[in-house]
Each structure stands twice: as structure tokens, then as C-alpha cells.
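Beneath this line is the structure, given in C-alpha cells, with notes to follow.
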Amino acid sequence: MAEPLLDIRGLKTWFKTDDGMVRAVDGVDLHIDRGETLGVVGESGCGKTVTARSVLKLIDMPPGRFEAGQILWQGRDLIPLSMEEMDKIRAKEIAIIFQEPMTSLNPVYTVGDQIAEVIALHQKLSRKQAIAGAAEMLRLVNIPNPQRRVHDYPHQFSGGMRQRVMIAMALSCQPKLLIADEPTTALDVTIQAQILELMQEMKERFGMAIMLITHAMGVVAETCQRVTVMYAGNVVEEASVEALFGDPRHPYTQGLIRSIPRVDRSAEKKQRLEAIAGTVPNLLEPPPGCRFAARCKFAMDVCTQAVPPLKEVGPGHYVRCVL
Amino acid sequence: MQVHRVSRQYVIRKLLIMIPSLLGISIVLFALLALAPGDPFDELATNPAVPPEVRAALRAKFGLDDPIWMRYWHWLIALLQGDWGFSFVSRMDVSTLILQRLPVTLVVIGASQILAIAIAIPVGVLAATRPYSLFDQIANTFAFIGFSLPTFFTGLVLILVFSIQLDWLPFVYRADISATGWEFYWEHIKQSIMPVTVLGLFQGAALVRFVRSSVLDVIRLDYVTTARSKGIGERKVITRHVVRTALIPVVTLVALQMPIVFSGAVVTEQIFRVPGIGSLLITSMLSNDTPVVMGVTFVSACLVVFFNLIADILYGWLDPRIAFR
Ligand SMILES: Nc1ncnc2c1ncn2[C@@H]1O[C@H](COP(=O)(O)OP(=O)(O)O)[C@@H](O)[C@H]1O
Ligand code: SF4
Ligand SMILES: [Mg+2]
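Each protein sequence line maps, in turn, to chains D and A. Numbering of the first sequence is given in our numbering, commencing with residue 10 and proceeding in unit increments. Numbering of the second sequence is given in our numbering, commencing with residue 55 and proceeding in unit increments.
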């Protein structure tokens with residue numbers, strides 16, 4: 010089998026706080042192949058953002074630290090790299106966009122300047138050429154009047170337009186991987202669909218892989234080929250989209266799928282939309298054994314004795330559950 | 055990266071706002087001094103050699119018996135025409151007197167502000183980028199000490215050490231330096247060192263802590279993470295994306311502190327006998343020289359308003375969101 014583009018093995022990213030060690034990411038394994046879209050799902054607080062930022066080493070250290078694991082980028086481990094070496098990979102090979110388009114752009118520079126900053130650096134162009142490149146990127150992400158808008162400031166754009174700007178910036182150096190950390194969560198529903206569609210279009214154009222982080226299962230079903238389900242700093246299930254929705258194995262995944270609002274259900278049934286009872290456990294002192302045990306209706310004694318291993322239940326379908 | 059241009063409209067609006075403030079200041083000032091006890095003619099009145107008719111004629115000539123609003127109006131018109139009155143004590147025009155004294159004060163204050171900013175920005179930024187490091191702790195300690203010691207104390211310590219013990223620097227500021235050429239400038243620099251240091255360190259100490267907290271506020275914002283993800287290097291992340299925004303509140307603080315700087319300068323000028331407008335203000339107050347007190351106060355007020363204008367323009371230049379409103 011060909012080597013994956015990104016292969017995260019046993020990653021542990023912990024934070025030292027006044028209250029103790031927060032095990033935000035506590036043994037995550039996931040991989041992304043060239044050109045594929047991997048969905049990373051899980052409730053808020055499961056460690057999705059920390060995983061994503063760990064890849065580009067955008068975690069503040071201290072308080073954060075890599076406790077264990079490897080982040081293999083085309084076979085090369087990123088964890089031991091210096092920040093200078095990381096700077097050669099950032100934007101050029103791996104780009105990232107964030108949840109909050111309203112605060113992700115610097116308010117004091119024009120969007121053109123901010124996009125041109127990346128282009129000028131990685132493609133060794135003059136400022137003027139880079140601004141022209143920025144306008145071209147704005148055109149690609151369907152921002153009207155790109156030649157004029159390139160000189161506008163972020164506060165002159167709406168949330169959806171700013172996310173387009175972020176996408177334009179992220180793609181300006183044609184990275185091999187785009188990490189999108191809940192890119193639509195902060196946007197209106199209609200705008201969400203447009204942004205997802207744009208990402209799809211860009212993917213077809215540039216052929217990059219996407220790591221799409223979301224807590225919306227519906228988004229995953231529409232856009233991804235494979236899915237990694239995270240719970241409390243662990244991966245609990247990994248499968249192709251078809252396998253995951255057709256045959257979800259982990260009780261947590263089953264809960265997530267049951268909580269998808271579906272338009273084809275009748276109004277009265279929609280009312281009984283099931284949310285998973287309980288909340289994500291404290292990552293300070295994670296309970297021994299399966300972290301989902303406190304909320305799982307199948308929980309047994311064995312579940313709390315040791316963390317269940319990830320076992321293969323079908324081709325490329327892994328699940329961390331004793332059942 | 056390109057810096058944005060402040061719109062002309064914004065600058066004009068800010069300039070127009072200055073006019074009512076200056077008028078307001080002039081009214082308050084005039085009223086305070088006109089109502090204050092003490093009459094420049096007291097001395098003439100008690101002098102038996104001056105006959106009452108002459109006194110009355112003089113009072114009429116100087117308009118001292120007119121209604122107060124008339125006196126204000128005349129005073130303002132004269133002020134605008136550059137006629138700032140006559141100092142009864144120094145026997146020269148107030149404007150001449152102020153122009154003689156102002157440059158020294160401006161040089162001392164300007165140099166000390168530059169010193170303060172030149173220390174505070176790099177130290178504050180470095181401290182904030184390495185919070186709780188040894189450097190940060192040392193910087194914080196020095197800032198605290200510098201801020202707690204009053205300028206008259208540090209001034210006296212400097213005089214004791216550098217003038218009296220070591221005899222490196224003169225402790226009285228002389229306006230009448232006879233040397234020419236380079237030596238003239240060298241003498242001036244030498245005698246400015248201590249007043250500038252005292253004022254600059256005091257201001258700088260307060261500013262360091264402010265810069266540090268401002269940088270700490272900005273450094274955890276989302277767009278700084280975006281900047282890091284661009285691979286432009288930590289140095290550019292800090293200078294372009296952090297410092298630039300963190301300086302916006304610093305500019306405001308520096309401008310708002312100008313009145314404090316001026317009052318600090320009055321004290322410093324007294325300690326080092328700097329012949330600036332601070333010492334002019336004190337001597338004219340002690341000798342009841344009303345036109346000079348008014349002139350000096352008005353000039354200081356104008357300078358404060360002017361620095362506010364500068365701050366507003368810098369503010370609009372640093373933060374495009376402001377100038378667009
Ligand atoms: N800088 C930090 N210091 C301490 N804890 C942190 C820090 N960043 C994230 N965490 C913790 O890590 C956990 C996972 O967070 P996150 O990755 O943002 O979750 P998600 O993106 O899945 O919603 C949370 O419990 C959060 O409190
Ligand atoms: S291991 Fe046990 S507690 Fe955990 S999900 Fe499976 S059945 Fe539930
Ligand atoms: Mg998140």
C-alpha cells in the first residue's frame with residue numbers, strides 16, 4: 010500500500026494547567042491519503058482542534074507538550090522539527106483554516122496584503138505580483154470584484170466572505186493538505202452549504218487532500234470518503250463513509266448518527282431526535298478503561314478495566330469497543 | 055506590508071474638533087486667572103510716588119476696568135494676532151519670553167518621550183513574548199521600581215552620583231553656553247542627559263508594563279495563529295501581526311499622558327534648573343506675573359491638544375477600522 014500523506018500515530022498532546030495535566034489528545038491514530046477527504050467528528054471538547062493544530066505545531070508550548078507519538082508527513086516525523094523547518098511546510102504543504110472567520114484575519118491589513126504575504130514568501134514573488142496573485146485567488150473563490158476587493162480590509166467583508174478569503178489564502182500555495190477546523194460552524198446555514206461546495210470545487214481543481222473537522226455528521230456524509238470518530242482525546246472508530254453510516258459499531262458513533270436532524274423524517278419524529286445523554290468526561294483525570302463508559306448503555310465491568318484496543322471489524326473499519 | 059492611508063476627511067474632522075477644545079481651554083483659563091486674587095497694580099497702588107490719576111489712566115490703558123467678557127474678547131483677539139501681552143516683571147513681550155523658553159522644554163520632553171518609547175517597546179514586547187521568563191521578571195521589577203520612585207528623588211540621586219561624586223555632568227543647566235560649533239552641542243547634550251534620563255525612565259517604566267500587557271492581549275488572538283500557520287517565521291509574526299496592533303492602545307496612552315509629562319517636566323526643570331517653560335511658569339506664578347502665567351498655561355494646553363491630534367491621526371493610521379467610520 011502506498012504511504013499515506015499524513016500518518017498520525019499514537020499522538021498525545023497534553024496541557025499542563027494549574028489544575029493538573031489536561032490530556033486533550035491522548036493517543037490518536039489517523040491517516041489521510043493523497044487527495045482524499047477525511048472527516049474528523051466528535052462533540053465539542055473531544056480534542057479535534059488540538060489534533061489539527063498539533064499537525065502544524067501551532068500549539069502553545071508551554072502549556073502544551075507532545076507527550077508521545079509521531080506525526081508522519083510523507084514519511085517524515087514533524088514532531089522533532091524546529092519551527093524554522095516547520096515554516097517550510099506551513100502554507101506551502103499543509104494549510105489550515107479555522108472556525109471563526111471573523112477573528113482569523115488581521116484587522117489592520119488588507120485581505121490582499123494578507124494573502125500576498127504567503128504568496129510572496131513561498132513563491133518568491135514581488136509584492137506587486139503577489140497582490141495580483143491574491144486577486145486571482147479571490148476570483149477563484151468567487152468573491153465578486155476581486156481586483157477592487159483585494160484592497161479592502163477584513164471588516165468590510167461578511168463572515169461567509171471572510172471564510173472565502175481564508176480559503177483563498179490557504180490555497181494560494183497549492184498545499185497538498187488543507188486542514189479545515191469546523192470551517193462552517195460559525196456561519197449561517199445557507200452560507201455553510203456554499204462554503205462546503207466551494208471547498209469541494211477547490212479540491213477538484215487543486216487535487217489536495219482535506220482533513221475536515223466538524224461535529225455535524227450530515228456534513229461528513231456529504232463531503233467525506235473516510236471518517237475518524239473522536240471521543241475524549243481518543244479515536245473510537247475509523248471507517249469509510251459507507252461503512253460508518255451503514256454499519257456504525259461504536260455506541261458513540263451510533264449515538265452521533267441518531268442525532269443527525271433529517272429532513273425526510275416527519276415533524277413529529279424530528280422531535281424525538283436523540284441527543285447522547287451526558288457530557289464529555291473531564292480530560293484532567295480520565296477514567297480508566299473506555300472513556301465512553303459513563304454514557305454507554307452497553308457498559309459492562311470489562312469496559313472500565315482497561316482501554317479497549319482498536320480492532321479491525323471489516324476492511325479499513327476499526328473500532329475501540331469490547332462489543 | 056503596505057500601510058493604509060488615513061483619509062483627508064478624517065484628519066480635517068479631527069482638526070475641526072480641536073477648535074472648540076482650544077476655545078474652551080482659553081475661556082476657562084481666562085476666567086480662572088481674571089477671578090484669581092492678586093492684582094498686577096497692587097505694587098503701583100501702594101507706591102506713593104504714583105499719583106491716582108496716572109494709576110487710573112494706566113488701568114484704563116490696560117483695560118483692567120472693562121467688563122470681563124470684553125477683556126476676554128480683547129485678550130483672545132490679541133492672542134490670535136500673536137500679541138500675548140507684556141510681562142510686567144521681566145519687562146518684555148510674553149511671546150518673546152515663551153519662545154525663548156519653549157525650545158528647551160520641547161527638546162527635553164521630546165527626547166525623554168523618545169527614550170521612554172525606545173525602551174518600552176522592545177522591552178515590553180520581549181517580556182510579553184517570553185512571559186514569566188527571567189527577562190520578563192527582571193523587566194517587571196525594574197519597571198516597578200522606576201515607576202514607584204518620584205522624579206525629584208531619582209533626579210537628586212543622579213545629581214549626587216554623576217555631578218557631585220563623579221563630576222561627569224553639570225548639575226545646573228546653562229542657557230548661556232559660550233562655546234561654539236561641536237563643543238556647543240556637546241555641552242548642551244551633556245547638560246540634557248540627566249533631565250532627559252529622569253523623565254524618560256519614569257515614563258518608560260510605566261509604558262513597559264502597558265506594552266507588555268497589550269502584546270499579551272494580542273498574542274493569543276486567532277489571527278496570530280493564522281499568521282503562524284503561514285510559515286512567515288516567528289519574527290515577522292511578532293513584528294507585523296502582533297506589535298502593530300498592540301501599539302494602538304499604547305499610542306493613546308502616550309498621548310493621554312502628555313499633561314502628566316508636562317507636569318513632570320515642571321518638577322524636573324526645577325531640580326536641574328532647566329530654563330524651560332516649566333520654570334518660567336513657577337517664577338511667574340510666584341511674582342504674580344499674570345500675562346506670563348496665562349501664556350504658558352495656554353501654550354501647554356495647546357501642546358496637549360496638539361498631541362491628542364497626533365495620537366488621533368496615528369490611531370487612524372494604525373487601525374483602519376477607525377478612519378473608515
Ligand atoms: N491551551 C490549552 N490549555 C489547556 N487546555 C486546553 C488548551 N487547549 C485545549 N485545551 C483542552 O483540550 C480539550 C480539547 O479541546 P479541543 O481540541 O479544542 O476540542 P474540540 O476542537 O474537539 O472541540 C478541551 O478540554 C480543552 O479544554
Ligand atoms: S467499550 Fe464498553 S463502555 Fe465503551 S463503548 Fe464499548 S460497550 Fe460501551
Ligand atoms: Mg474545535
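Backbone N, C-alpha and C fix where the C-beta goes; we use that ideal spot for every residue, glycine too.
In this structure, the CA atom of residue 218(A) is about 13 Å from the CA atom of residue 248(A). Nearest neighbour of residue 153(D) by Cα position, chosen from 138(D), 263(D), 53(D) and 171(D), turns out to be 171(D).
In summary, residue 260(D) is buried, with 16 or more beta-carbon neighbours lying within 10 Å of its beta-carbon over all protein chains present.
Three or more beta-carbon pairs separated by less than 8 Å link the region 336 to 354 of chain A to the region 139 to 150 of chain A, which places the two stretches in contact. Scanning its chain for C-beta atoms nearer than 7 Å, with the 5 sequence neighbours on each side dropped, one finds around residue 33(D) the residues 22, 23, 24, 56, 59, 242 and 292, in chain order.
By the criterion of at least three beta-carbon pairs nearer than 8 Å, the region 141 to 152 of chain D is not in contact with the region 98 to 116 of chain D. Per DSSP, residue 17(D) lies in no alpha helix (DSSP H); the unbroken beta strand (DSSP E) holding it starts and ends at 15 to 26. Chain D places no beta carbon closer than 9 Å to that of residue 126(A), leaving this residue out of the contacts. In this structure residue 329(D) is in contact with residue 244(D), their Cβ atoms being roughly 7 Å apart against a cut-off of 8 Å. Residue-level contact by beta carbon holds for residue 375(A) and chain D, with a gap shorter than 9 Å. Identification of chain D residues near residue 281(A) by a Cβ-Cβ cut-off of 9 Å yields 115, 123 and 126, ordered along the chain.
Closer than 8 Å to some heavy atom of ligand 2: that does not describe the Cβ of residue 144(D). Not one heavy atom of ligand 1 is found less than 8 Å from the C-beta of residue 100(D). The residue among 239(D), 31(D), 169(D) and 267(D) with its C-alpha nearest the C-alpha of residue 201(D) is 169(D).
Counting along the chain, the unbroken alpha helix (DSSP H) around residue 132(A) starts and ends at 122 to 134.
A residue is called buried once 16 or more other Cβ atoms fall within 10 Å of its Cβ, and residue 123(D) is buried on that count. Taking the C-beta atoms as reference points, residue 160(A) is found no nearer than 9 Å to residue 250(A). Taking the Cα positions, residue 276(A) is about 27 Å away from residue 227(D). Rounded to the nearest angstrom, the Cβ distance from residue 193(A) to residue 177(A) is 5 Å, consistent with a contact under 8 Å. Put simply, the region 62 to 78 of chain D does not touch the region 148 to 163 of chain D. Fewer than three CB pairs are less than 8 Å apart. Annotation for residue 53(D) indicates a beta carbon within 8 Å of some heavy atom of ligand 1. Under the Cβ criterion (8 Å, minimum of three pairs), the region 326 to 334 of chain A counts as touching the region 144 to 159 of chain A.
Per DSSP, residue 122(D) is not a residue of any beta strand (DSSP E); the alpha helix (DSSP H) it occupies stretches across 120 to 132. In chain order, 149 place their CB closer than 8 Å to the CB of residue 136(A), counting only its own chain and leaving out the 5 sequence neighbours on each side. Of all residues in the region 86 to 102 of chain D, only 92, 93, 95, 96, 97, 98, 99, 100 and 101 come within less than 8 Å of chain A when Cβ atoms are compared, listed by chain position. The alpha carbon of residue 190(D) has as its nearest neighbour, out of 297(D), 254(D) and 105(D), the alpha carbon of 105(D). For residue 267(A), the uninterrupted alpha helix (DSSP H) run begins and ends at 235 to 273, by DSSP. For the 9 Å CB-CB criterion, residue 223(D) and residue 39(D) do not form a contact.
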